[in-house]
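Enquirer: Dropping the structure in here first, questions after.
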Amino acid sequence: MAIDARVIVDAEALRQPPRPYSHLVIRPYPEGYERGVTLKDGTRVLLRPIRPEDEPLWHEMLAISSRESIRFRFRYIFKETTHQMAIPYCFIDYDREMAIVGIVEEGGRKRMIGVGRLISDPDRTRAEYAVFVADPWQNKGLGGILTDYCLEIARSWGIRKVTAETTPDNIRMIRIFEKRGFKLEYKTEESVILAAKPLG
69 MAIDARVIVD AEALRQPPRP YSHLVIRPYP EGYERGVTLK DGTRVLLRPI RPEDEPLWHE
129 MLAISSRESI RFRFRYIFKE TTHQMAIPYC FIDYDREMAI VGIVEEGGRK RMIGVGRLIS
189 DPDRTRAEYA VFVADPWQNK GLGGILTDYC LEIARSWGIR KVTAETTPDN IRMIRIFEKR
249 GFKLEYKTEE SVILAAKPLG
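Numbering-wise, the sequence shown is residues 69 to 268 according to the working numbering.
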């Protein structure tokens, strides 16, 4: 008796092996991304990926931020935050997103003071970037620190190009992009600046 056993091999799968945890619906919390940094004023900050349980800290961070800072980041003004608003920012898909938060301790309790966020396309060749720093912690170097770390993560993912958007009046963000070699394109009719940085 002869048995004809054949295996069909997906050539694309050989060229691009599946990423770890790609078989899971939700990737586990990514360990190994924690890092301690020091701001210009000497404040020690813990950088780490966001967790769902950080939602109360996310709300508190926005509550101490100005309308201008919120407009710069979200492109519109809101009076208060809700759980529904927090879901896409705090409950993320770690397989194609990364949100690095800055955490400090004040009076024995933790506070979130900033977030740098990467969202990649499905094949991890391009990623969108955005950063937010709460007003009391601006002008201390945190925006640049978060940007540098997120660019480092993007490179480790194999991202070839990082893009971002900001407004013409967001001078601090424009300077961060310029110092890191982003190419800026002014879209006058849309009142937006497109920033792009090749990583290849």
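Note that CB positions come from ideal geometry on N, CA and C, so glycine has one too.
Note that the coordinates shown come from a computational prediction; the quantities given were computed from them, not determined experimentally.
With DSSP as the reference, please indicate the residues paired to Ala232 in a beta bridge.
Expert: Ala263
Enquirer: Return the Cβ separation of Ile244 and Thr215 in integer angstroms, given the expectation that the two are a contact with Cβ distance under 8 Å.
Expert: 6 Å
Enquirer: Looking only at its chain, what residues have a beta carbon closer than 8 Å to the beta carbon of His127, apart from the 5 residues adjacent to it on each side?
Expert: The answer, listed in chain order, is Thr149, Ala154.
Enquirer: Is Ala202 helix, strand or coil by DSSP?
Expert: coil
Enquirer: If you draw a straight line from the C-alpha of Lys265 to the C-alpha of Phe142, how long is it?
Expert: Per the coordinates, the alpha-carbon of Lys265 lies some 21 Å from the alpha-carbon of Phe142.
Enquirer: Just the C-alpha distance for Arg240 and Pro190, rounded to the nearest angstrom, thanks.
Expert: 30 Å
Enquirer: In whole angstroms, what is the alpha-carbon distance linking Trp205 and Asp109?
Expert: Approximately 10 Å, taken between the alpha carbons.
Enquirer: So for Tyr157, helix, strand or coil by DSSP?
Expert: helix
Enquirer: By the DSSP assignment, the beta strand (DSSP E) with Tyr254 in it spans what residues?
Expert: Note, Tyr254: beta strand (DSSP E), 251-255.
Enquirer: Lys251: buried (16+ other C-beta within 10 angstroms of its C-beta) or exposed?
Expert: exposed
Enquirer: Which residue or residues does DSSP assign as beta-bridge partners of Ser188?
Expert: Ala195
Enquirer: Secondary structure at Glu246, three-state DSSP: helix, strand or coil?
Expert: Taken through DSSP and simplified to helix, strand or coil, Glu246 comes out as helix.
Enquirer: Would you grab the beta carbon distance between Gly226 and Arg192 for me? Rounded to a whole angstrom, and I think it's under 8 Å.
Expert: 6 Å
Enquirer: Which residue's Cα is closest to the Cα of Glu123: Ser224, Glu173, Ala232, Arg179?
Expert: Taking only the C-alpha atoms, the option nearest Glu123 is Arg179.
Enquirer: With 16 other CB atoms within 10 Å as the buried threshold, where does Leu92 fall?
Expert: With a pLDDT of 43 at Leu92, under the threshold of 50, the predicted position of this residue should be treated as unreliable, and no value is reported.
Enquirer: For Glu123, name the three-state secondary structure that DSSP assigns.
Expert: helix
Enquirer: Where do the N-terminal and C-terminal ends of the beta strand (DSSP E) with Ile168 fall, by residue?
Expert: Ile168 -> beta strand (DSSP E) spans 165-174.
Enquirer: Inspect the beta-carbon positions of Val199 and Gly212 and report whether they are closer than 7 Å.
Expert: no
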